[in-house]
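If you read the protein sequences in the order shown, they are chains A and B. When we follow the working numbering, the leftmost residue of the first sequence carries the number 1, and every step to the right adds one. When we follow the working numbering, the leftmost residue of the second sequence carries the number 354, and every step to the right adds one. We put the CB at the ideal spot given by N, CA and C, even for glycine. So the structure is just underneath, and the comments pick up after that.
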Amino acid sequence: MASTDTRPRHRDLGLSDEDVLGMYRAMLLARAVDERMWLMQRAGKIAFIISGQGHEGAQVAVAWAMRRGIDWMAPYYRSIASAMTFGMSAEDIITAHLAKSDDVSSGGRQMPGHYGGAPYNIVSLSSPVGTQVLHAVGIAMGAWVQGDDVVTMTQFGEGTSNQGEIHEAMNFAGVHKLPVIFICENNGYAISVPLDRQVAGGSVAARAAGYGMPGLVVDGGDILGCYAAAKEAHERARRGEGPTLIEARVVRLTSHSSDDDQRRYRDPSEVEHLKEQDPIPMFAAELRAAGVLTDEVDETIRAEVKAEINDATKRADARPEPVTDDAHERVYAETIPGGGTARPSAPTEAGSH
Amino acid sequence: MAERNILEAIREAMDEEMERDERVMVLGEDVGKKGGVFGATEGLWAKYGDKRVLDTPLTEGMIAGAAMGAAVYGLRPIAEMQFADFVYPAFNQIVSEISRIHYRSNGTFTAPMVIRMPYGGGVHGALYHSQSNETYFTSTVGLKVVAPGTPADAKGLLKAAIRDPDPVMFFEHKKTYRLFKAEVPDGDTVVPIGSASVPREGRHLSIFCYGYMRTCALEAAETLAREDGVEAEVVDLRSLRPLDTETILASVAKTGKALVVHEANRFGGFGAEIAAEIGERAFEHLDGPVTRLAGPEVPGVPFHHTLEDWFMLNPARIVDAARRLAAY
C-alpha cells in the first residue's frame, strides 16, 4: 500500500483510478488478443501474426493521451494495443486476422497486422515501412490548413526510423509546426539486426534536434512516464507549438513474427530474461503500490478479459468469409469503364470530416 | 468564350475550384510566392494564403504522401511535381499507398487528390526535364491518368480531376503550355474523365494521340488531306485511364486502319495497350497492321538540339507513318 500522505503519481498526471485501471485492462486485453492469435496461428487458423507483446505499455499510454473520435492515428504493424485503445475491439482485431469479409480494416484483403479503421480515425496501413508517417503528417497538415483542433499520432520502429520518408515527414512537420506526434517504438531489433547496426549514435530521439522539435526518450516499462510524455506532446500540438518525437524504449517479447525464430540471433540469456521487462507486471506493481489495484480487482479484470477474448474469438470465427465475386469491387471510389466498380461499404466518404 | 493558353487554363481551373471549395489546396515546390517554375499557380498564393498554397521542402515523397494524408482527412489536395522526371521519390507513395488505399481498406478510405506533372520534351530539357513517363502510372490500378492537349480540355479535365473521388495523375505537356491559345468555354465547364474527343473526322485511317501529339497529328492530317487526299481521323484520347475504348473501336470500325502516336518510347508503351485493344476487339475491321509511332528506345531525350530534334516526333514523321499505313 502506498503511504496515505503520498499522492499517487497518476493523479498528478490528471488520471483517475478508473483511468489507470482502464489502461491496465487495455494492456491485458491487447496481450490476451495477441496471445490468442498466436495460438490460432499455431493451430493453422491464422496465416501469420506479428506481435505487439512488450509494446503494450507504451502504446496504451500514448493512445490514452489522445482523444478518441477526434484525434487520428497512423499505426504500424505492432500497433495492436494502441489501435484497441483508439476503438478497435478484440473482435475487430481477430476478425481482421482471420481475413473475414466484414473485417473493418480491409474486408479480408490485407495480411494480418495491417491495422486500419475508418470509424476510429485509424488510417489503413500498408507493408512498405514508414509510408504511414507521411500520411500522419498529411492529416496534421489538413487539420492545420482547416484550423481543426485535431492531433495525429503515428508509430514506427527504430529500423524504420532510417527510411527517408520518416525524415521528410519530420522535417516538414517541423517547418510548419504541424500538430503531430511521432512515436518511435525502439525494441532494439529490426527483425534480426540490432540497434547498433541500425541507428548511428544509438538514439532516434536525438534526431529530433535536426528537425526543430523536442526529442524525448521514455522507458516503455514506465507506463505513466510514457503517458506524461504523450500528454505533454499532445498539449504542445494543440497549442500550435508543433510536433514531438518520442522514442519509447520497449522490449520485444516475441520473435519478429510467426515466420521468425529470434533464438537464431538473440543471445539465449537475453531471451531468458525478456519476461522480466514485461510492462504488464511492472504496471500492476505500480498500481498495487499506489493502492489502486488489489488481488480482487485484478482477478475481476482478468476474468473479464478472458470472457471477452473468448467471446470475441467465437464471434469473429463465425463471421462470413470473403467471396471472389466481391474481389473486383471497390477498386475505385466510383464506377469507371475498364476498372472496378464501387460500392463503398461506409455510407459516406469515410475518413473525411 | 475566352482565349487561353494551356497554362492559363490550368491556373484558371485551380483558381475556380479553390474559390468553389475551400477543401481544395495546392502544395509543391515553389508553388507559393513564385507561382511555380512554369507559373501555373501564379496569383493563387496572394489570393488564398500560404496554407492553402503551400511551398514544401524539396521532397517529392513528402508532397505525395502528405497530400494523401490530407485527402484521407477530407481535403482535396492538388500536388505539383515540378517535373514529371522528379516524381520517382514519390513512386512508393503513389503506387503503394495512393493507388491502393481504397481497395485495401475495402472502400472505407479514399484519396481524392490530383498530382499535376509537367512532362514531355522539345523544350531543351534533356534526360531529366523531358520524360514522358505516363505508362508507370497507367499500368497502376487505382490511379486515373489524364493528358489534355487543348486549353479547354486542360481546364475541364483539371476541374473534373479535382472533384474526382479517386487519385488522378494529371500530365501537362510542357511544350504545349504556351504553344497556342484557343477558346475555353465560359463558366463551370467540366470535361469528364474517361472520354476521348475526335477533333478531326476522317475515313481512311485513325490517328490515336494525346497531349502535344494532338497538335502534331492535326497538322499531319492537314498535310495528308492536302497532298495525298488521305482523310485521317484524329482521336485525342485525353484520358489514358480510364480509356475510352468505345470511341477507339468505333473509329477503327470506320477507317479500318490505326496509327498510335506517342512521345514516350515504344516498347511496352501506352500504344501497346491501344494496339492490343484494337487487335482483340476490332480485328474484323482491320485493313492494315495496327501501327505505333513512338519515341526512340533511348533512356531519355538527349540535350543538343540536333539530338533532341532526332528524338522528338513531329508532324512530318506522323505524315510519313500515315502514308505507309494508308498505302498498305
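query, result
"Same chain only: Cβ atoms within 6 Å of B/V583, ignoring 5 sequence neighbours per side", "H557, L577 and A679"
"Opening and closing residue of the alpha helix (DSSP H) in which B/E572 lies", "Y565 to T576"
"For A/R42: DSSP bridge partner residues", "Note: A/R42 sits in no beta bridge, so no partner."
"Min CB distance B/P410 to chain A below 8 Å", "yes"
"Proximity test, Cβ basis, 8 Å: A/A143 and chain B", "yes"
"Cβ contact check for the region 365–381 of chain B and the region 397–417 of chain B: 3 or more pairs under 8 Å", "yes"
"Outcome for A/P268 when other beta-carbon atoms lying within 10 angstroms are tallied against a minimum of 16", "exposed"
"Under 9 Å (Cβ pairs) to chain A, residues found in the region 377–409 of chain B", "M378, L380, K404, R405, L407 and T409"
"Three CB pairs or more closer than 8 Å across the region 610–624 of chain B and the region 641–656 of chain B", "yes"
"Amino acids of chain B, ordered along the chain, whose beta-carbon sits closer than 7 Å to that of A/G210", "None at all; the shortest Cβ gap to chain B is about 13 Å."
"Bridge partner(s) assigned by DSSP for B/Y472", "B/H526"
"From A/A318, A/Q163 and A/V60, residue whose alpha carbon lies closest to that of A/K231", "A/V60"
"Three or more C-beta pairs below 8 Å linking the region 307–319 of chain A and the region 431–440 of chain B", "no"
"Three-state secondary structure (DSSP) of B/S492", "coil"
"Option nearest A/M27 by Cα separation, candidates A/L224, A/V204, A/H135 and A/A173", "A/L224"
"Three-way DSSP call (helix, strand, coil) for A/P344 in this model", "Here A/P344 scores only 33 on pLDDT, less than 50, and its place in the model is too uncertain to base an answer on."
"Own chain partners of A/A58 with C-beta closer than 8 Å, once the 5 adjacent residues on each side are dropped", "I183, E185, V218, G220, I223, C226, A248, V250 and P279"
"Short CB-CB distance (under 8 Å) between A/E168 and chain D", "This model lacks chain D altogether; the protein chains it does include are A and B."
"7 Å Cβ shell around A/Q163 - same chain, five flanking residues per side excluded", "V129 and G130"
"Candidates B/A366, B/K534 and B/M354, of which the one nearest B/T394 by Cα", "B/A366"
"Sequence-distant residues of its chain with Cβ nearer than 6 Å to B/L407 (five each side left out)", "L380"
"Pairwise C-alpha distance: B/R579 and B/R677", "16 Å"
"Residues from the region 505–522 of chain B in contact with chain A, defined by Cβ distance under 7 Å", "P518 and D519"
"Cβ neighbours of B/L360 in the same chain (closer than 7 Å, five flanking residues each side left out)", "F391, G392, A393, Y530 and R531"
"Whole-angstrom distance between B/S449 and A/L253, CA atom to CA atom", "30 Å"
"Within the region 179–263 of chain A, ranges of the alpha helix (DSSP H) (whole runs, at least 4 residues)", "223–238"
"CB contact check: B/F620 to chain A, cutoff 8 Å", "no"
"Member of A/P322, A/N171 and A/Q277 whose CA lies at the smallest distance from the CA of A/G242", "A/N171"
"A/A96, DSSP secondary structure in three states", "helix"
"B/V498 versus B/P545: straight-line alpha-carbon distance, rounded", "12 Å"
"Neighbour-count burial assignment, A/S3, 16 or more Cβ in a 10 Å radius", "Residue placement at A/S3 is flagged as unreliable, the pLDDT there being 49, under the threshold of 50; the coordinate-derived value follows with that caveat. That one is exposed."
"At least 3 beta-carbon pairs within less than 8 Å: the region 477–490 of chain B vs the region 137–154 of chain A", "no"
"Cβ neighbour criterion (16 or more within 10 Å) applied to A/R109", "buried"
"Beta-carbon proximity of B/A549 to B/L593, cut-off 8 Å", "no"
"Cβ neighbours of A/G238 in the same chain (closer than 7 Å, five flanking residues each side left out)", "The sequence shown places Arg at residue 238 of chain A, not Gly. So the qualifying residues of the chain are D149, V151 and P179."
"8 Å Cβ cutoff met for A/I309 and A/Y24", "no"
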